[in-house]
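Trainee: Here the sequence shown is numbered in the working numbering, starting from 6 and rising by one per residue. Structure in structure tokens, see below.
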Amino acid sequence: MNKREFLNELRKGLSPLSEIEIEERIIFYSEMIDDRIEEGLTEEEAVTAIGSVYEIIGQAVTEAPTEKPEKKRSLKVWEIVLLILGSPIWLSLAAAALVVAVSLYISVWAVIISLWSVFGAFVGTAVGGIIGGIVLCTVGKALNGIALIGGGLLCAGLAIFAFFGCKAASKSTVLLTKKFFVWLKGRIMGKEENV
6 MNKREFLNEL
16 RKGLSPLSEI
26 EIEERIIFYS
36 EMIDDRIEEG
46 LTEEEAVTAI
56 GSVYEIIGQA
66 VTEAPTEKPE
76 KKRSLKVWEI
86 VLLILGSPIW
96 LSLAAAALVV
106 AVSLYISVWA
116 VIISLWSVFG
126 AFVGTAVGGI
136 IGGIVLCTVG
146 KALNGIALIG
156 GGLLCAGLAI
166 FAFFGCKAAS
176 KSTVLLTKKF
186 FVWLKGRIMG
196 KEENV
């Protein structure tokens with residue numbers, strides 16, 4: 006058996022160990038073979054001098070530290086009793102906190118909807134003002150028509166600014182909502198893993 010075959014067999018046999026332990030042992034035995042070759046042995050003789058690959062694998066696997074399974078924490082009796090006795094207080098506080106959070110979230114979206122309503126009002130006023138101004142100009146009230154067209158154009162300009170403001174506010178609120186739910190998911194999943 007040459008060096009490459011020996012190291013391949015060793016790698017296959019050490020698969021129950023961690024990658025770090027496997028690499029450490031492969032490097033160790035590779036250097037050991039190289040040292041023996043430098044001493045004048047052939048590659049096959051150097052591999053044979055180390056010993057059987059199966060004996061090395063057996064020894065390495067039996068010496069490897071076994072991971073202890075994590076002990077799950079269970080609630081003690083007194084903790085359960087305190088949770089039950091305190092439930093009227095902590096359940097009502099948790100429900101109140103949830104209601105406040107939901108109402109704040111709804112309030113933020115109500116502001117966003119109000120901003121979009123203002124944008125819609127500007128658009129409607131711009132369209133109505135321009136059309137109304139054109140109608141007034143055609144019936145002979147040119148001064149009133151020009152003033153109405155000017156007001157319509159002003160509302161159109163305000164609608165453009167309102168659109169970008171509403172878009173930015175909506176995008177920020179959606180992004181904030183995503184970040185909050187990712188944070189909440191991390192907190193819930195983290196607590197589940199720690200239990």
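Beta carbons: idealized from backbone N, C-alpha and C, even for Gly.
If you measure between the beta carbons of cysteine 171 and phenylalanine 124, is that distance less than 7 Å?
Mentor: Yes, Cβ-Cβ distance for cysteine 171 and phenylalanine 124 is below 7 Å.
Trainee: Between which two residues does the alpha helix (DSSP H) containing proline 93 stretch?
Mentor: It spans 82-143 - the alpha helix (DSSP H) in which proline 93 sits, taken as one unbroken run.
Trainee: What's the call for isoleucine 38, buried or exposed, on a 16-neighbour Cβ count within 10 Å?
Mentor: Under this definition isoleucine 38 is a buried residue.
Trainee: Could you name the residues of the same chain whose beta carbon sits closer than 8 Å to that of glutamate 198, not counting the 5 residues immediately before and after it, in chain order?
Mentor: Note that glutamate 198 scores a pLDDT of 48, beneath 50, so its modelled location is shaky; the value from the coordinates is reported in the next line. Cβ neighbours of glutamate 198 beyond the five flanking positions: none.
Trainee: Mind reading off the beta-carbon distance from phenylalanine 153 to glycine 138? Whole number of angstroms is fine, and I expect it under 8 Å.
Mentor: According to the sequence displayed, residue 153 carries leucine and not phenylalanine. Leucine 153 to glycine 138, Cβ: 4 Å. Contact.
Trainee: Look up leucine 15 in the DSSP assignment and say whether it is helix, strand or coil.
Mentor: Of the three classes helix, strand and coil, the one that applies to leucine 15 here is helix, per DSSP.
Trainee: In angstroms with no decimal places, state the Cα-to-Cα distance between lysine 183 and isoleucine 25.
Mentor: Going from the Cα of lysine 183 to the Cα of isoleucine 25 covers about 38 Å.
Trainee: Just checking my contact of arginine 9 with alanine 65 at CB under 8 Å: how many whole Å lie between their CB atoms?
Mentor: Not really, about 19 Å apart at Cβ, beyond 8 Å.
Trainee: Where does glycine 45 fall in DSSP's three states?
Mentor: Correct three-state label for glycine 45: coil.
Trainee: Within the continuous alpha helix (DSSP H) that includes glycine 56, where are the two ends?
Mentor: First-last for glycine 56: undefined, no H or E at that position.
Trainee: Report yes if the CB atom of serine 175 is closer than 7 Å to the CB atom of isoleucine 117, and no otherwise.
Mentor: In contact: serine 175 and isoleucine 117 (Cβ atoms closer than 7 Å).
Trainee: Using 10 angstroms around the beta-carbon of alanine 99, count the other beta-carbons present and answer buried if the total reaches 16, otherwise exposed.
Mentor: The residue in question, alanine 99, is exposed, as its Cβ has fewer than 16 Cβ neighbours within 10 Å.
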